[in-house]
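Residue numbers (the numbering used here), protein chains in the order written: chain F, 15 to 237; chain X, 15 to 237.
Think of the CB as a built atom: it goes at the ideal place given N, C-alpha and C, for glycine as much as any other residue.
Structure record follows, encoded as structure tokens.
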DNA sequence: ATTTAATGATAGTAATACTATTATTTAATA
DNA sequence: TATTAAATAATAGTATTACTATCATTAAAT
């Protein structure tokens, strides 16, 4: 079975749905490569236009600005992750196993198994780690938030919170713990590579460090 | 007793020490007000120059760019916080009390008591919450990190980690837990105000929410 | 009184973040 | 198949940003 997954991203994020045209899909795919390569601050529509051999004007017909394009990419990612959480966890009976599976998903690239993915998994993962907070840590947050553009993040968080509550129904902060898991997975991965003194990584345990730390933390909290 | 506190900020961060001139001190003080007002993305040297009635050229003689200025502000803040951690905790014998005091510091504005402060505490606090991650979540992190410009953050983190280890010597991830405390204090404060669905804030417990959540989390982890 | 350092005033440049206009190509439909 | 509509390319242009450079003026230090 080979299948392609697409998600209906909130249409307030784009001016013209990039899913509906070859060039639109190119914009998203190549933006992921270019944001990874340059970092979000150094990325712009001019450079992206050159890369996909189109013009800035065309890009602006799809997205109001680069912030919206990043938001689109992250919405797609969060939706996908929620799908994976539901899909991969359905056969696990034990809530503990489910939580472990979630931590694995949060600390690794998107799995190969899950259908044909048009985007570069590694790059997408790095963008989520390094750039995702930039979509909400802005002065205009309240304005932006009005059109439910963070719904996929909230849904993902809610889904994780549900499982936390199944595991320990008495725990009082399931949603905050869920968002903390997500955010912590990002900054501990970032720190362990770039500012390792802010962590307890060891050379030998490098790749699994964040997962190990988060698992230990989560079950200490919920026990 | 009335005293003024200054810190020796790493001189690789500035081109000319802003502490040593009236205009330099104005730059930092007014930058805090303006970054708070506009958000870091909308803040620039032109607007700051107008505000303090000087020219862009003068600002560029102190700081290479606005990123460095933000880094300066945060270095100052982290140094101050480390000082406060040491100062306020010295009379507490109990490690548990110390950890509680740390969480209080991480989730509230800088205290009034601690000497004359030239900067707006509320604004500084909000900048730390909303903008601090932008100084390290950049492509150039390795280059920037070379001159020890994150030392105050690492020191603060290390100081907290020490106390964690005193409280529970067997706990294996004191530094990661310390950086998680710091980072979580930021995003939970931000979320509880701007994206409350990612948290478990209640209207009545609003102001103390993050402190309560973090304290609960920390002692569950360390017990 | 003289030198040095800091700032102000002014100008200018390359890049960014857009908007607008018109021509051309492609797709949809009659 | 011709007609219409929609999408894109090509080109131009503007305001703002992020700087750098120069030189005159003022303040501080010796």
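Chain X within 8 Å of residue 160 (chain F), Cβ atoms only: no
Chain F contact for residue 227 (chain X) (CB, 8 Å cutoff): Yes, residue 227 (chain X) lies at the interface with chain F (some Cβ there is under 8 Å from its Cβ).
Beta-carbon separation (whole angstroms), residue 134 (chain F) vs residue 230 (chain F), contact threshold 8 Å: The Cβ separation is near 31 Å, so there is no contact.
Residue 187 (chain X) burial status per 10 Å Cβ neighbour count (16 or more: buried): buried
Nearest-angstrom Cα separation, counted from residue 51 (chain F) out to residue 217 (chain X): 43 Å
Residue-level contact to chain F via CB, residue 151 (chain X), 8 Å cutoff: yes
Chain X within 8 Å of residue 208 (chain F), Cβ atoms only: yes
Contact belief for residue 67 (chain X) with residue 59 (chain X) at Cβ below 8 Å, rounded distance in angstroms: That pair is no contact at about 14 Å.
Residue 23 (chain F) beta carbon less than 8 Å from that of residue 89 (chain F): yes
Proximal residues of chain F, C-beta to C-beta of residue 155 (chain X) below 7 Å: 208
Beta-carbon proximity of residue 177 (chain F) to residue 117 (chain F), cut-off 8 Å: no
Option nearest residue 119 (chain F) by Cα separation, candidates F:228, F:234 and F:237: Closest by C-alpha distance to residue 119 (chain F), out of F:228, F:234 and F:237, is F:228.
Residue 106 (chain X), DSSP secondary structure in three states: DSSP places residue 106 (chain X) in coil when its eight states are reduced to three.
Min CB distance residue 55 (chain F) to chain X below 8 Å: yes
Contacts of residue 235 (chain X) in chain F (Cβ-Cβ under 7 Å): 231, 234 and 235
Close Cβ partners of residue 175 (chain F) (< 8 Å) along its chain, the five nearest in sequence each way excluded: 188, 189, 191 and 192
Pairwise C-alpha distance: residue 31 (chain X) and residue 38 (chain X): 7 Å
Limits of the unbroken alpha helix (DSSP H) element including residue 23 (chain F): Per DSSP, residue 23 (chain F) belongs to no alpha helix (DSSP H) and is neither H nor E.
Where the alpha helix (DSSP H) through residue 194 (chain F) begins and ends: 188 to 208
Length at least 4, wholly inside the stretch 17 to 100 of chain F: the alpha helix (DSSP H) runs in chain order: 36 to 52, 59 to 65 and 70 to 76
Among F:72, F:49 and F:27, the one whose alpha carbon lies nearest that of residue 36 (chain F): Residue F:72 is the option with its Cα nearest to residue 36 (chain F).
Neighbour flag for residue 140 (chain F) against chain X, beta carbons, 8 Å: no
Neighbourhood of residue 146 (chain X) by C-beta, 7 Å cutoff - its chain only, sequence neighbours within 5 removed: 88 and 200
From X:75, X:55 and X:53, residue whose alpha carbon lies closest to that of residue 63 (chain X): For the residues X:75, X:55 and X:53, the minimum Cα distance to residue 63 (chain X) belongs to X:75.
Residue 214 (chain F) burial status per 10 Å Cβ neighbour count (16 or more: buried): buried
Whole-angstrom distance between residue 221 (chain X) and residue 184 (chain X), CA atom to CA atom: 33 Å
Closest by C-alpha distance to residue 159 (chain X), when choosing among X:21, X:204 and X:26: X:26
Beta carbon of residue 141 (chain F) nearer than 8 Å to that of residue 203 (chain F): Using a Cβ distance threshold of 8 Å, residue 141 (chain F) and residue 203 (chain F) do not count as a contacting pair.
Cβ-Cβ distance between residue 77 (chain F) and residue 91 (chain F) below 8 Å: No, they are not a contact pair.
Cβ-based neighbour list, residue 4 (chain X), same chain, cut-off 6 Å, excluding 5 preceding and 5 following: Chain X is shown only over 15 to 237; residue 4 (chain X) falls outside these bounds and no answer can be derived.
Helix, strand or coil at residue 166 (chain X) according to DSSP, with G and I counted as helix: Residue 166 (chain X): helix per DSSP, three-state reduction.
Sub-8 Å separation of residue 121 (chain F) and residue 194 (chain X) beta-carbons: no
Whether residue 232 (chain X) touches residue 103 (chain X) by CB criterion (8 Å): Residue 103 (chain X) is positioned such that its CB atom lies no closer than 8 Å to that of residue 232 (chain X).
Residues of the stretch 93 to 111 of chain X with Cβ closer than 8 Å to any Cβ of chain F, in chain order: Listed by position along the chain: nothing, the set is empty.
Cutoff 8 Å: residue 190 (chain X) Cβ touching any chain F Cβ: Taking a beta-carbon distance threshold of 8 Å, residue 190 (chain X) counts as an interface residue toward chain F.
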